[in-house]
Amino acid sequence: MANEFFPLFYTFHFYLFGLVALVGAIVFITRKSPVAAALWLVVVMAALAALYVLLGAEFVGMMQILVYAGAIMVVFLFVVMLLNLGHPSELNDIRGKWGRLAAGLIGLALVAELMALSRSAVTLSVTLPARPPADVIASPGGVIGSIADPLFNEYLLAFELTSILLLVAIIGAVVLAKKRSA
Amino acid sequence: MMQSVHPLAETVARFVWWLPALPLIGFVINGALSIYASAKPGPADPSANGHDGSNIGHGSHATDEGNHGHDDGDGHDDHAPTPRHRFAGITSIVGPGVLVLTFGLAIALFVAMRGVEMHEPFVSTLFAWMPVGDLHINAALQLDGLSMVMVLVITGVGMLIHVFSVGYMQDDAGYPRYFAYLNLFVFFMLLLVLGANYVVTFVGWEGVGLCSYLLIGFWFSEKANADAGKKAFVVNRIGDFGFMVAMFMLFAHLGTLDYATIAERAGQFAPGGVVVTAICLFLFLGCVGKSAQIPLFVWLPDAMAGPTPVSALIHAATMVTAGVFLIARSASLFSLAPVASLTVALVGGVTALFAATIGLKQWDIKKVLAYSTISQLGYMFVGVGVGAYTAGIFHLVTHAFFKALLFLGAGSVIYAMHKAYHATRNHSDDAQDMRNMGGLKKFMPVTWTLMWIATLAIAGVPPFAGFFSKDEILGATFARAHGSTLADASLLGMSGSTVLYIVWVFGLAAALLTAIYMTRMMLYTFHGPNRTGDDARPHLAEAPWVMTGPLLVLGVLSAIGGWLNLPGVITDLAPIGPTASLEHWLEPVVGEATARVAGGGAHVAVSTEALLIGLAVAIAIAGMAIAWARLKPSALVAKSAAAPATGIQRVLENKWYVDEAYDAAIVKPTFAVSKSVLWGGVDVGLIDTLLVNGSAALTRFFGWMGSQLQSGRVGTYAWLIVIGAVLLLRAFARVA
Amino acid sequence: MLAESLALSAALFTIGVIGVLTRRNAIIVFMCVELMLNAVNLSFVALSRVYGATGQVFVIFVMTVAAAEAAVGLAIIISIFRHKKSVNLEDINLLRG
């Protein structure tokens, strides 16, 4: 919507948040301290949330902030602090020169392949439409409604099953993390 | 194929399949008894004390070594009578009983066939056996003049020999096993002659080979016997290869293996063409193996290691004549291939003479008869080779009579000798060596009389059976030398006429030798002083009636068998019986082929024919006279005291060293190549080291590589997953 | 913007992979996996602009699974840390036969 009225403004912010996400990710994987890494990952996720909003997925953007950055990353940080990580031996966990080189080569191959794949799968003629799809605009429930329609009709069973998945995860987490009582 | 209902269709011929079925039932019963007896040895079971020897007729003369190799009796030092097999009673009823029933059925079929006019064979299809693509092979039996003659010979002579075996084998530990094999043999033999196509015949062909192997090695606890069985089996394989190639070629060119259809389509072959000649030569290779002709005859003398009735039935009367039968059965093909036919005649003639020379100097009574059989088979091949198919089959029939009689007579002699030696606990002297016999006429008058009849028959003295059949073959050979298709062909650079004259001369020479060696055998066995030994002599006695009875029947048949096919030249002179009845009987089967070979011009004048007959009789009489005059039984000494032979006699005694030559030319090189190349190179090097151990090492290497992947380190797994994902994506990217 | 979004998604995913490959700290590896999931989410969202809202539904599911995974995974890490006093992947070799 914003791109209709302020195309330059929109484009600037798109590239800005994209750059933030990219730089944040690189910084994230190079931090030695787990706490720093987690905080940089939060930065990446926030930038991604902004990108979601710019791409017209406002609800997903909100969920990204709430669930990922808010809940999941907090759990990570919580675990890092709970285990009191940060011992010098643990800080030096990055692989050596050869490992990094090999990983870089594999990464290059992977990114090249992904690019080629995305280019061949989505032809260049398909560009981002100026407007969101008609069903998003026309949905009486607005942005949320456009998601709610497939979620609660077409994917109702899967949605219900996620509740069971979460229940199992909760129980599993409790059982695994519980201290063995003697 | 049969447009109208065959005249035999509603008669007893419906039950033709019972002919092979009955001996098969006998085999199953006797085999079950044998297996049961050895699985659950009873208290009175002679096989329970773990010795498998026999008490009688234990001939083990694969080698001409001195001692009679009987190891039996050692377990019976107290000389109590050997207990019979506990199932001997039931086997004695079942074994010969099924043959009696089969013979009865064969007679009924014969009567039914005489009652109708038959122009085409009666084929009884049991089931579709191999319907594969263009190949349609039925399990079908064929009844015509030829198979009827063979069935009568097999069941008739077979029945007599079964009865004889009851006496001969009575104390043998393997009594039910013996009759099981014998019944199985009759089953396969009937399948061979009744088969309506080459494949059924081939099953019978292989089956009789199997039974021959089993019965040659019947006393397998002695290595020489087992080796003789193996030798027969291996040599026959060479022939079977030829048979199979011939079948493949027949199917490739005619698209069928049924006899009736082949006879119809044989005209497709160009007369004297390469294909039909090749087919016939390959078929003949099969016959050479089965019927012990040069160069594959070496197994038959060794086959005498089996019990003597087996030698009579399988290795004289029936199985070894299967080759002659096969050529007569394939007459429609052979009559189109003069070169192949000449080959058959030449091989037969050479074999007849060659084997007869060896027969001159053998001391083992069964060996004499074995070489005599090879020689007589040669005559039969001369007969079917020159296109006188009826003459060949005629000699087959009469030979079955007199040679079975000779073998059974020899069996009777061996039985008596063995009993005498056994009674005196003499285990060193050979019960089959003629040097240990002599003068047996006094002790065994019945056997003596009957064997003289057989000897006169085989020597060709009128009016006994062999005279007519042998004379017919020689006469046909002489007649075919002019005007026939054979005379016009050429073989080995000689004209067909020359070849046939050579064969004829060979046949006459072999006839002379036959008369000599048979008279020699009779003289040494039955005449002159007895050389058995003073201890054993009082124990010599005639065999029981169960053995002499069959001899008597065969004696009658040997005497009057010639009446089956009296030549016209004799019935014109004296009307003593019907003229050429066998020829008329076989006319629908081989008549066309015979006429094709004869070509219309192959006839001799009556005066010439009479001259030929006179010549044959003169030769037979001369041979016997020579033998009688030159051989002095009184001058012989017992084997243990005999001096080794010298010169040509030694060569003959050692059978022209053919076995030694084969050993040096084929067996030893095969062994050497097998040992150094196949064993040392291929087996140890290639198979053991490279393939067996190599594949194991390769598997271990891959297993080791796989185990290296399973390091248990999560980091390694992550790397592998990512590498895999990259490779997979690459494949996807290429597809997309 | 679609091509840029997909390119960014590919880049983020690759960075996550490199992180997984180069780090030994189990928690950081885990966070790299989360980054990879986020990269996938980005392409889902971008393509949903073209192909409809179903893509966003899948993002919701991915988040749910990620939450469950984080809960269980972190519980496992805690359990392992209690046992080994370490979260270094080199030390985690219970799978070793």
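Here the protein sequences come in this chain order: V, U and Y. In terms of this note's numbering, the first sequence has 278 at position 179, counting the first letter as 1, and numbering is strictly consecutive. In terms of this note's numbering, the second sequence has 259 at position 266, counting the first letter as 1, and numbering is strictly consecutive. In terms of this note's numbering, the third sequence has 43 at position 25, counting the first letter as 1, and numbering is strictly consecutive. Yeah, the Cβ is synthetic: ideal placement off N, Cα and C, and Gly gets one too.
- By the rule that beta-carbons nearer than 7 Å mark a contact, residue 107/Y touches chain U.
- Within chain Y, 38 and 39 have C-beta atoms less than 7 Å from the C-beta of residue 711/U, given in sequence order.
- Between residue 214/V and chain Y, the shortest Cβ-Cβ separation is below 7 Å.
- Per the Cβ contact rule, the region 414 to 426 of chain U is not in contact with the region 435 to 448 of chain U (fewer than 3 Cβ pairs under 8 Å).
- Put simply, of 78/Y, 108/Y and 106/Y the residue whose alpha carbon is nearest the alpha carbon of residue 166/V is 78/Y.
- Fewer than three pairs of CB atoms, one per stretch, sit closer than 8 Å, so the region 132 to 145 of chain U makes no contact with the region 21 to 33 of chain U.
- Within its own chain, the residues whose Cβ lies closer than 8 Å to the Cβ of residue 351/U, once the five positions on either side in sequence are excluded, are 364, 645, 648 and 649, listed in chain order.
- The Cβ of residue 693/U sits no closer than 7 Å to any Cβ of chain V.
- If you draw a straight line from the Cα of residue 149/V to the Cα of residue 116/V, it comes to about 7 Å.
- Taking the beta carbon of residue 266/V as reference, no residue of chain U falls within 9 Å; the closest one sits roughly 27 Å away.
- Interface with chain Y (7 Å Cβ-Cβ cutoff): residue 719/U is excluded.
- At a cut-off of 7 Å between beta-carbon atoms, residue 675/U makes no contact with chain V.
- Across the structure, residue 247/U and residue 547/U are spaced so that their CA atoms are roughly 43 Å apart.
- Setting aside the 5 residues that flank it on each side, residue 389/U is surrounded in the same chain by 314, 317 and 373, each with a C-beta closer than 6 Å to its C-beta; the list follows chain order.
- Assigned with DSSP and collapsed to three states, residue 11/U falls in helix.
- Listed along chain U, the residues sitting closer than 7 Å to residue 208/V by beta-carbon distance are 719.
- When DSSP states are grouped into helix, strand and coil, residue 135/U belongs to the strand group.
- Here residue 686/U is exposed. Its C-beta has fewer than 16 other C-beta atoms within 10 Å.
- According to the DSSP assignment, residue 662/U belongs to the alpha helix (DSSP H) that extends over 661 to 666.
- At least one beta carbon of chain V lies nearer than 7 Å to the beta carbon of residue 722/U.
- Taking 7 Å as the cut-off, the beta carbon of residue 525/U is found no closer than this to the beta carbon of residue 439/U.
- Annotation: the continuous beta strand (DSSP E) that includes residue 123/U extends over 115 to 125.
- In the DSSP assignment, residue 488/U forms a beta bridge with 483/U.
- Residue nearest to residue 278/V within the set 110/Y, 98/Y and 111/Y is 98/Y (criterion: CA-CA distance).
- Shown here, residue 442/U sits in a helix according to DSSP, grouped into three states.
- By a beta-carbon distance limit of 8 Å, residue 51/Y contacts residue 38/Y. Their separation comes to about 7 Å.
- Here the C-alpha atom of residue 73/Y lies approximately 5 Å from the C-alpha atom of residue 66/Y.
- The contact set of residue 269/V on chain Y, defined by CB atoms closer than 7 Å, consists of 89 in chain order.
- For the set 680/U, 697/U and 582/U, the Cα lying nearest the Cα of residue 256/U is the one of 582/U.
- Between the region 133 to 141 of chain U and the region 100 to 115 of chain U there are three or more C-beta pairs closer than 8 Å, enough to call the two in contact.
- Per DSSP, the unbroken alpha helix (DSSP H) holding residue 653/U starts and ends at 651 to 655.
- Judged by DSSP secondary structure, residue 463/U falls within the alpha helix (DSSP H) whose first and last residues are 458 to 473.
- Bridge partners of residue 82/U according to DSSP: none are assigned.
- Around residue 198/U, the same chain offers 185 as residues with beta carbons nearer than 6 Å, after the five sequence neighbours per side are excluded.
- Of 2/U, 354/U and 17/U, the smallest CA-CA separation from residue 640/U is found for 354/U.
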